[in-house]
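All letters in the sequence shown, in the order written, are residues 7 to 275 by this note's numbering. All residues carry an ideal CB built from backbone N, CA and C; glycine is no exception. The structure presented is a predicted model; accordingly, all values stated were derived computationally and were not measured.
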Amino acid sequence: MDSPVQKHGQASEDEINPQTLQILQALKTASGRDILALLLRFGMAEIFLRQLKERQVVFNNQELSDPDIIHDKALVKYCKEHKLETDEDRKKWCMSLGIDSEEMMSEAIHEWRRKELRELLVTASGETLYLRYKDKLDRVLYSLLRVEDPFLCQEIYYSIEAGEITFAEASARYSCGPESKTQGIVGPVDLTTPHPEIAARLRTAQAGHLIGPFQAEDWHTLIRMEYRFDSEYDENTKSFLEDVCFKSQIGQGLDSIKDSLMEWVNSRS
Numbered sequence: 007m008d009s010p011v012q013k014h015g016q017a018s019e020d021e022i023n024p025q026t027l028q029i030l031q032a033l034k035t036a037s038g039r040d041i042l043a044l045l046l047r048f049g050m051a052e053i054f055l056r057q058l059k060e061r062q063v064v065f066n067n068q069e070l071s072d073p074d075i076i077h078d079k080a081l082v083k084y085c086k087e088h089k090l091e092t093d094e095d096r097k098k099w100c101m102s103l104g105i106d107s108e109e110m111m112s113e114a115i116h117e118w119r120r121k122e123l124r125e126l127l128v129t130a131s132g133e134t135l136y137l138r139y140k141d142k143l144d145r146v147l148y149s150l151l152r153v154e155d156p157f158l159c160q161e162i163y164y165s166i167e168a169g170e171i172t173f174a175e176a177s178a179r180y181s182c183g184p185e186s187k188t189q190g191i192v193g194p195v196d197l198t199t200p201h202p203e204i205a206a207r208l209r210t211a212q213a214g215h216l217i218g219p220f221q222a223e224d225w226h227t228l229i230r231m232e233y234r235f236d237s238e239y240d241e242n243t244k245s246f247l248e249d250v251c252f253k254s255q256i257g258q259g260l261d262s263i264k265d266s267l268m269e270w271v272n273s274r275s
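Structure, rendered in structure tokens:
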């Protein structure tokens, strides 16, 4: 009688190369603790635990759709998103994930309910969250010049103001940072990327306005806002906020679970 492996069209052990066979045999004889120890060793335990926690949170949420009601449309959407157009596509997909058709249905329901939960997390406070994370969503393009000498910085400021030299020329000639290679241009970047002293000024700066001199760490600095790309509270922004909230909820208590896992794996009892 053929083994399940052979039924799925996979090679018998005689056809597998020795190195692959050695790995498979090691996995077959490994205990659950051995596998978890390997996940810890390879830095994959947190990913594994996060997936388990995600499924637990979604499964236990009573505000989400009843699986018995949504299973058909969830499966249709799942197959569409993963481009599973034929029975053969679905069979190969199941094999690649190590699941059967019933488990694929469970995955489809999970993805449907997971999306519902993500949306639910930002429904009540989406715009408030948007304002909180606006610095991560907005983008700025600005010019930067940094020098060590405060007097030189002041002279450059007056020269730019007087039109004796452009900001691009001054940065290329005098700036001590990598911006000298781009004629002073930095960005577009979000407002969490620049030094806090720079970000604070960019937050309220008008395009074309020369700002400085001011000190940012050891540098005497000039900046000029070139362009501001203001974010909007649209679908892309909502998706970003959903991701932030969802990851935060799933991450709660994850360190404690990981610590307990490490303690159990290392107990060896």
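For Q221, the uninterrupted beta strand (DSSP E) run begins and ends at L216 to A222, by DSSP. When Cβ pairs closer than 8 Å are counted between the two stretches, the stretch 65-82 is seen to touch the stretch 113-128, the count reaching three or more. Between V128 and E248, the gap from beta carbon to beta carbon is short of 8 Å. Closest in alpha carbon position to S237, among I171, S181, L137 and A168, is L137. In the displayed model, R209 falls within coil according to three-state DSSP, outside both helix and strand. In the displayed model, G183 falls within coil according to three-state DSSP, outside both helix and strand.
Less than 8 Å separates the beta-carbon of V146 from that of R234. The beta-carbon separation of K244 and E52, rounded to 27 Å, does not stay under the 8 Å limit for a contact. Two segments are said to touch when three or more pairs of C-beta atoms, one from each, lie closer than 8 Å; by this definition the stretch 213-232 touches the stretch 165-174.
Nearest Cα to F246 within the set A36, K140, M110 and V64: K140.
If you look at Y163, you'll find it in the alpha helix (DSSP H) that goes P156 to E167.
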